[in-house]
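What follows is one structure encoded as structure tokens, with my remarks underneath.
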Amino acid sequence: MSDTITRYFAAFNAGDTQGMIDCLSDDVAHHVNEGNIRVGKEKFAEFCDHMSRCYREELTDMVVFSTPDGSRAAAEYIVNGTYLETDAGLPEARGQSYRLPAGSFFDLKDGKISRVTTYYNLSDWMAQVSA
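In UniProt numbering, the protein residues as written are 1 to 131.
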């Protein structure tokens, strides 16, 4: 199942939202850092559209782990980004770059991602874009 995760992150780095969606179950539960749980591919796509408007990101130094039965996985990586457009409630965007460690956790069912949870340190990001 880690190849599903590898495809998901390759699509992310390519800016290929549809490629990411193709890795998801129809009822995917998307747990975002500092936000509400979004259920379903449509909500995931809306989130990706918003993120693409406000941020340009590439993930590097990726390490993927998975359980022997393939039902769960995790990834640790570095987010290398540019803050493109001011996101509501956050500092003003001026093209600031940032670099921060992050991680994602996954449930997998029938070869698809049924849950994705992402964590990063929001305080670290805020300090970087506010400097």
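Glycine included, C-beta positions come from ideal geometry on N, C-alpha and C.
Along the chain, where does the alpha helix (DSSP H) containing residue i start, and where does it finish?
i	result
Glu42	Lys41 to Cys54
In chain order, what residues of the same chain have a beta carbon less than 7 Å from the beta carbon of residue i, not counting five sequence neighbours either side?
i	result
Thr117	His31, Ser104 and Phe105
Glu34	Leu122
Out of the options, point me to the one whose CA is closest to residue i's CA.
i	options	result
Thr4	Glu85, Tyr83, Phe47 and Ala73	Ala73
Arg7	Thr86, Cys23 and Gln18	Cys23
Ala93	Ala127, Ser2, Asn13 and Ser25	Ala127
Asp124	Val39, Arg115 and Leu90	Leu90
Tyr120	Leu59, Ala14, Leu108 and Ala102	Ala102
Apart from the five residues just before and just after residue i, which ones in its own chain have a Cβ nearer than 8 Å to its Cβ?
i	result
Thr17	Ala11, Ala45, Cys48, Asp49 and Ser52
Gly95	Thr82, Tyr83 and Leu84
Met62	Phe9, Ala75, Glu76 and Tyr77
Helix, strand or coil for residue i? Go by DSSP, reduced to three states.
i	result
residue 170	Residue 170 is absent from the model: the chain starts at 1 and stops at 131.
Gly89	coil
Val116	strand
Asp3	helix
Gly19	helix
Val64	strand
Asp69	coil
Val129	helix
Asp107	strand
Leu122	helix
Leu84	coil
Arg38	strand
Arg99	strand
Taking all protein chains shown into account, decide if residue i is buried (16 or more other Cβ within 10 angstroms of its Cβ) or exposed.
i	result
Met20	buried
Arg99	exposed
Ile113	buried
With residue i as the anchor, note down where its beta strand (DSSP E) starts and where it stops.
i	result
Leu24	Leu24 to His31
Just to confirm my understanding: we take residue i, look at its own chain, exclude 5 residues before and 5 after, and list those with CB closer than 6 Å. What are they?
i	result
Ser97	Thr82
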